[in-house]
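A short worksheet on the structure shown next.
In my numbering, the protein residues as written are 15 to 387.
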């Protein structure tokens with residue numbers, strides 16, 4: 015789900031940058047639009063991960079540079095002291111971590127937004143109940159305005175792909191949000207906690223009654239009670255994979271990788287001045303294709319080749335050609351000897367038939383589909 019969200023939104027950023035850079039005519043404000051779009055994509059991704067981990071503080075969004083890829087963040091927050099960790103573990107029965115512990119943990123692992131977040135954005139995002147949806151609206155309006163201004167000038171079916179991948183990324187986010195918004199049933203969790211305590215009280219009495227050896231009874235009691243509590247804690251970790259530390263998904267690291275892709279697409283993926291494929295010989299590639307893939311020759315190419323051959327052959331019989339000129343020099347068909355005119359016409363006909371036969375043989379050898387003719 016998170017992988018789908020990041021992948022689709024990254025594809026949208028690449029498409030917008032490439033489509034806007036490849037406009038038929040340069041439109042003013044291209045660099046500004048692309049930088050703002052990359053900033054908004056980074057902001058939307060950060061807000062999505064904030065929502066998934068339960069963090070609503072915009073102060074936990076820090077400034078990220080457009081041109082520099084920062085070092086990878088730690089998977090876990092080393093700045094959270096051990097006493098805060100212990101205090102968070104006191105609430106095992108209530109299936110909820112200690113709130114101050116989580117807030118300090120989030121402050122220790124902030125999410126970077128490329129270009130930072132200004133006061134205007136903060137004032138609009140702060141009262142919003144669905145910040146990701148709000149930023150998605152900003153993106154759609156920016157794309158429409160840019161296209162109306164002349165940018166992203168590709169055909170409409172191609173441009174519609176941008177909106178499609180944005181929607182696919184939002185679908186991945188909503189699927190991940192279902193896990194957060196659909197917690198384990200609270201009465202069931204409380205019953206499990208109550209039964210764990212009852213089990214912890216009854217098991218020692220049963221072991222003491224069944225086993226005469228106190229050491230063996232103590233060992234079996236500890237293993238039985240500890241195993242049930244252990245399974246309950248593992249179930250709690252699986253229940254909320256985005257919020258607690260340190261065994262859940264590293265959302266800060268995932269956001270760092272997404273920002274890394276945006277920086278690469280925005281400033282590191284430009285073509286060199288001479289292009290990337292100057293080492294490829296075009297003639298050699300055409301020869302290799304003709305040799306290894308003869309069936310790729312199209313019907314239009316076959317017809318064009320035959321037409322060129324016929325034109326070359328007919329050129330010998332055109333008025334003013336060499337054969338007729340020789341006949342005219344000898345008096346023509348009216349003023350000269352009839353035998354000479356007949357010999358010239360016969361020679362021209364033989365030359366035409368020989369050239370036509372050679373052309374057809376060459377065309378059959380070049381195009382396999384003509385070999386049956």
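C-beta atoms are modelled at their ideal positions from N, C-alpha and C, and glycine is treated no differently.
So for residue i, helix, strand or coil by DSSP?
{"i": "residue 128", "result": "strand"}
{"i": "residue 68", "result": "coil"}
{"i": "residue 263", "result": "coil"}
{"i": "residue 78", "result": "strand"}
{"i": "residue 37", "result": "coil"}
{"i": "residue 18", "result": "helix"}
{"i": "residue 122", "result": "helix"}
{"i": "residue 163", "result": "coil"}
{"i": "residue 134", "result": "helix"}
{"i": "residue 198", "result": "coil"}
{"i": "residue 83", "result": "coil"}
{"i": "residue 240", "result": "helix"}
{"i": "residue 100", "result": "Residue placement at residue 100 cannot be trusted, given a pLDDT of 46 that sits under 50; what the coordinates show is reported in the next sentence. Looking at residue 100 - three-state DSSP - the assignment turns out to be helix."}
{"i": "residue 272", "result": "helix"}
{"i": "residue 114", "result": "helix"}
{"i": "residue 51", "result": "helix"}
{"i": "residue 174", "result": "helix"}
{"i": "residue 280", "result": "helix"}
{"i": "residue 218", "result": "helix"}
Tell me the rounded alpha-carbon separation between residue i and residue j.
{"i": "residue 248", "j": "residue 234", "result": "21 angstroms"}
{"i": "residue 213", "j": "residue 197", "result": "25 angstroms"}
{"i": "residue 18", "j": "residue 183", "result": "6 angstroms"}
{"i": "residue 206", "j": "residue 135", "result": "44 angstroms"}
{"i": "residue 161", "j": "residue 204", "result": "55 angstroms"}
{"i": "residue 312", "j": "residue 36", "result": "Only weak support is given to the placement of residue 312: the predicted model assigns it a pLDDT of 48, under 50, and the value that follows is read from those uncertain coordinates. Near 30 angstroms, if we compare the C-alpha coordinates of residue 36 and residue 312."}
{"i": "residue 159", "j": "residue 119", "result": "40 angstroms"}
{"i": "residue 40", "j": "residue 173", "result": "17 angstroms"}
{"i": "residue 168", "j": "residue 253", "result": "45 angstroms"}
{"i": "residue 181", "j": "residue 171", "result": "16 angstroms"}
{"i": "residue 124", "j": "residue 114", "result": "16 angstroms"}
{"i": "residue 245", "j": "residue 208", "result": "15 angstroms"}
{"i": "residue 193", "j": "residue 255", "result": "8 angstroms"}
{"i": "residue 132", "j": "residue 210", "result": "50 angstroms"}
{"i": "residue 176", "j": "residue 117", "result": "36 angstroms"}
{"i": "residue 236", "j": "residue 251", "result": "22 angstroms"}
{"i": "residue 231", "j": "residue 219", "result": "9 angstroms"}
{"i": "residue 151", "j": "residue 297", "result": "49 angstroms"}
{"i": "residue 271", "j": "residue 223", "result": "58 angstroms"}
{"i": "residue 147", "j": "residue 141", "result": "13 angstroms"}
{"i": "residue 38", "j": "residue 195", "result": "46 angstroms"}
{"i": "residue 164", "j": "residue 42", "result": "9 angstroms"}
{"i": "residue 269", "j": "residue 143", "result": "22 angstroms"}
{"i": "residue 227", "j": "residue 73", "result": "59 angstroms"}
Should residue i and residue j be called a contact, given that it needs their Cβ atoms to be closer than 8 angstroms?
{"i": "residue 263", "j": "residue 75", "result": "no"}
{"i": "residue 55", "j": "residue 276", "result": "yes"}
{"i": "residue 139", "j": "residue 145", "result": "yes"}
{"i": "residue 58", "j": "residue 179", "result": "no"}
{"i": "residue 126", "j": "residue 273", "result": "yes"}
{"i": "residue 84", "j": "residue 78", "result": "yes"}
{"i": "residue 129", "j": "residue 71", "result": "no"}
{"i": "residue 45", "j": "residue 279", "result": "no"}
My understanding is that residue i touches residue j, with C-beta atoms under 8 angstroms, so please give their C-beta distance in whole angstroms.
{"i": "residue 267", "j": "residue 87", "result": "6 angstroms"}
{"i": "residue 67", "j": "residue 265", "result": "6 angstroms"}
Would you say the segment 48-63 touches the segment 16-23, given that touching needs at least three Cβ pairs under 8 angstroms?
With a cut-off of 8 angstroms, the segment 16-23 and the segment 48-63 count as touching, because enough Cβ pairs lie within range.
Check whether the segment 208-224 and the segment 47-60 touch, using three or more Cβ-Cβ pairs below 8 angstroms as the test.
No, they do not touch.
With a threshold of 8 angstroms, are at least 3 pairs of Cβ atoms found where one atom belongs to the segment 198-209 and the other to the segment 27-38?
The way I'd put it, the segment 198-209 doesn't touch the segment 27-38; fewer than three beta-carbon pairs between them come closer than 8 angstroms.
Hey, is the segment 234-244 in contact with the segment 172-188, meaning 3+ C-beta pairs nearer than 8 angstroms?
No: fewer than three Cβ pairs fall under 8 angstroms.
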